[in-house]
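Worksheet: the structure to be examined is printed underneath.
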Amino acid sequence: MSDGVRGTLLGLLGVAIIGALVGGYLFLKQSRPQLDAETNCPKSGPIAIHVLLFDRSDPISEQQAQRIRQTIEKFKDAAAFGQRFDVYTFQGDTVRALEPKLRICALGKPGEANQWIENPELVKRRYETKFAAVLDQTVSELLRGSKESASPIIESLRAAAISSFGPVERGQIPLRVTMISDMVQHTPLYSQFQSEPIFQQLSRMPAWATLQPQLKGADVDILYLIRLTAMRKGTPVQNRRHQLFWEQLIA
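In my numbering, the protein residues as written are 23 to 273.
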């Protein structure tokens with residue numbers, strides 16, 4: 023083979039390799055999902071939804087706040103790209119729609135950056151400023167001292183489920199709820215300061231039709247905050263019967 027032919031073949035091979043690299047780059051770039059600028063969520067929809075409900079009816083101690091932050095940190099670390107967090111406070115009722123304080127999707131983690139088409143430093147900066155810091159700031163605001171006259175836990179759980187899970191078909195994507203609360207329900211419709219927390223009694227009340235949450239099979243966790251001042255006629259509201267009430271309601 024002459025040097026001229028060999029050079030031509032090598033040149034064609036180089037062009038083919040460059041073409042393949044450019045084609046691969048364009049394919050990967052175009053295959054990345056388009057994101058909503060406000061929420062970071064894929065415009066095609068989130069891959070999962072995690073509802074976080076914060077109770078601000080009573081002040082949270084420093085140790086409780088530390089535990090809550092540690093829990094949220096685990097949620098952030100475990101969140102896959104496109105998982106949506108909807109953050110609410112317990113301020114729902116049986117009539118009005120409940121809007122989240124924050125609705126935001128997890129972005130790609132810095133260690134998951136595709137070095138062919140992404141700048142790892144840029145990915146890290148986006149993750150920290152547009153997701154992690156935004157979620158942390160909202161959580162910090164919700165952990166500040168507060169005192170509310172009512173604690174509509176059931177109403178808020180129902181309203182948040184309608185707002186976050188309403189457009190989703192059961193089993194379509196993973197759904198999860200985490201409630202951060204002492205779980206002491208107190209509203210005119212139903213108050214655990216007034217009566218024993220017995221779910222069977224509540225489920226037979228006419229009010230239950232307006233309280234029952236539709237969770238669509240969501241996994242539900244409760245970060246159960248101890249509230250020593252929660253008393254009913256000199257007896258602590260928080261006990262095993264109280265916990266069982268919520269287990270049965272969620273089931």
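Glycine included, every Cβ here is placed at the ideal spot set by N, Cα and C. Bear in mind that the values here come from a model prediction, so they are computed numbers and not experimental data.
Legend entry - Those runs of the alpha helix (DSSP H) which lie wholly inside the stretch 242-272 and span at least 4 residues: 262-272
Legend entry - Buried/exposed call for Tyr-47, threshold 16 Cβ in 10 Å: Working through the sequence shown from its first residue, we reach residue 47 at position 25. Here Tyr-47 scores only 39 on pLDDT, less than 50, and its place in the model should not be relied on; the value that follows carries that caveat. Tyr-47 comes out exposed.
Inset, instruction - Quick one: residues in its chain with C-beta nearer than 6 Å to the C-beta of Arg-254, no 5 flanking neighbours on either side, listed in chain order? - result: Residue mapping note: residue 254 aligns to position 232 of the sequence shown, counting from 1. Phe-215.
Legend entry - Cα-Cα separation, Val-156 to Arg-148: Residue mapping note: residue 156 aligns to position 134 of the sequence shown, counting from 1. Residue mapping note: residue 148 aligns to position 126 of the sequence shown, counting from 1. Distance between the alpha carbons of Val-156 and Arg-148: 11 Å.
Inset, instruction - Rounded to whole angstroms, what's the CA-CA distance from Met-201 to Arg-78? Just pull it up for me. - result: Your numbering for residue 201 matches position 179 in the sequence shown. Your numbering for residue 78 matches position 56 in the sequence shown. Their backbone Cα atoms lie some 12 Å apart in a straight line.
Inset, instruction - Under the assumption that Gln-222 contacts Ser-213 (Cβ atoms under 8 Å), give the Cβ distance between them as a whole number of angstroms. - result: On the sequence shown, residue 222 is found 200 positions in, with the first residue counted as 1. On the sequence shown, residue 213 is found 191 positions in, with the first residue counted as 1. With 8 Å as the limit, Gln-222 and Ser-213 do not qualify as a contact, their Cβ atoms being about 17 Å apart.
Legend entry - Contact belief for Trp-238 with Val-190 at Cβ below 8 Å, rounded distance in angstroms: For the purposes of this step, residue 238 is identified with residue 216 of the sequence shown, where counting begins at 1. For the purposes of this step, residue 190 is identified with residue 168 of the sequence shown, where counting begins at 1. Before going further, note that residue 238 is Lys rather than Trp in the sequence given. About 7 Å; that satisfies the 8 Å criterion.
Inset, instruction - Going by DSSP, name the residue or residues bridged to Thr-111. - result: Along the sequence shown, one-based indexing puts residue 111 at 89. Looking at the DSSP assignment, Thr-111 forms a beta bridge with Phe-76.
Inset, instruction - Kindly identify the DSSP beta-bridge partner or partners of Thr-200. - result: Numbered from its first residue, the sequence shown carries residue 200 at position 178. Among the bridge pairs identified by DSSP, Thr-200 is matched with Leu-74, Asp-243.
Inset, instruction - Count the other C-beta atoms from every protein chain shown that fall within 10 angstroms of the C-beta of Leu-165, then say buried if there are 16 or more, exposed otherwise. - result: For this step, residue 165 is matched to residue 143 along the sequence shown. Leu-165 is buried by the Cβ-count criterion.
Inset, instruction - Could you tell me which residues DSSP pairs with Pro-64 in its beta bridges? - result: Counted from its first residue, the sequence shown places residue 64 at position 42. Leu-57.
Inset, instruction - Check the DSSP bridge columns for Leu-124 and list the partner residues they point to. - result: Position 102 of the sequence shown holds residue 124. The partner list for Leu-124 (beta bridge, DSSP) reads Val-109.
Legend entry - Same chain only: Cβ atoms within 7 Å of Arg-101, ignoring 5 sequence neighbours per side: By 1-based counting over the sequence shown, the position of residue 101 is 79. Checking the sequence, you will find Ala at residue 101 rather than Arg. Contacts found: Ala-128.
Legend entry - Beta carbon of Ile-195 nearer than 8 Å to that of Ile-272: Here residue 195 corresponds to residue number 173 of the sequence shown, with the count starting at 1. Here residue 272 corresponds to residue number 250 of the sequence shown, with the count starting at 1. No, the Cβ-Cβ distance between Ile-195 and Ile-272 is not below 8 Å.
Legend entry - Collapsed DSSP secondary structure at Ser-173 in the structure displayed: As a first step, residue 173 must be located in the sequence shown, where it is residue number 151. The answer is strand: DSSP assigns Ser-173 an E or B state.
Inset, instruction - May I have the straight-line CA-CA distance separating Ile-184 from Gln-236, to the nearest angstrom? - result: On the sequence shown, residue 184 is found 162 positions in, with the first residue counted as 1. On the sequence shown, residue 236 is found 214 positions in, with the first residue counted as 1. Roughly 7 Å separates the two Cα atoms.
Legend entry - Residue range of the unbroken alpha helix (DSSP H) whose run includes Ile-94: The residue given as residue 94 occupies position 72 in the sequence shown. Note, Ile-94: alpha helix (DSSP H), 84-100.
Inset, instruction - Alpha carbon to alpha carbon, how far is Thr-116 from Thr-232? Give it in angstroms, no decimals. - result: Within the sequence shown, numbered from 1, the residue matching residue 232 stands at position 210. Within the sequence shown, numbered from 1, the residue matching residue 116 stands at position 94. Spanning the two alpha carbons is a distance of roughly 6 Å.
Legend entry - Within 8 Å, strictly: CB atoms of Arg-180 and Gln-105: Here the question's residue 180 lines up with position 158 in the sequence shown. Here the question's residue 105 lines up with position 83 in the sequence shown. With respect to Gln-105, Arg-180 sits apart: the two C-beta atoms are not nearer than 8 Å.
Inset, instruction - Answer yes or no: do Arg-249 and Asp-204 have a C-beta to C-beta separation smaller than 8 Å? - result: Here the question's residue 249 lines up with position 227 in the sequence shown. Here the question's residue 204 lines up with position 182 in the sequence shown. Yes. Within cutoff.
Inset, instruction - Could you tell me whether any non-hydrogen atom of the ligand SAM is closer than 7 Å to the CB of Arg-198? - result: Absence of the ligand SAM is noted for the structure shown, with no ligands found whatsoever.
Legend entry - DSSP state of Ser-178 mapped onto helix, strand, coil: Along the sequence shown, read from residue 1 onward, the residue named residue 178 stands at position 156. Correct three-state label for Ser-178: helix.
Inset, instruction - Decide if Thr-257 is buried, meaning its Cβ has at least 16 other Cβ atoms within 10 Å, or exposed. - result: For the purposes of this step, residue 257 is identified with residue 235 of the sequence shown, where counting begins at 1. Per the 10 Å Cβ criterion, exposed.
Inset, instruction - Could you check which residue in Asp-158, Gln-260, Glu-163, Thr-111 has the C-alpha nearest to that of Glu-170? - result: Walking along the sequence shown from the start, residue 170 turns up at place 148. Out of Asp-158, Gln-260, Glu-163, Thr-111, Thr-111 has the C-alpha closest to the C-alpha of Glu-170.
Legend entry - Residue from Gln-86, Pro-64, Glu-163, Arg-91 whose Cα sits closest to the Cα of Ile-126: Mapped onto the sequence shown, residue 126 falls at position 104. That would be Pro-64, whose Cα lies nearest to the Cα of Ile-126.
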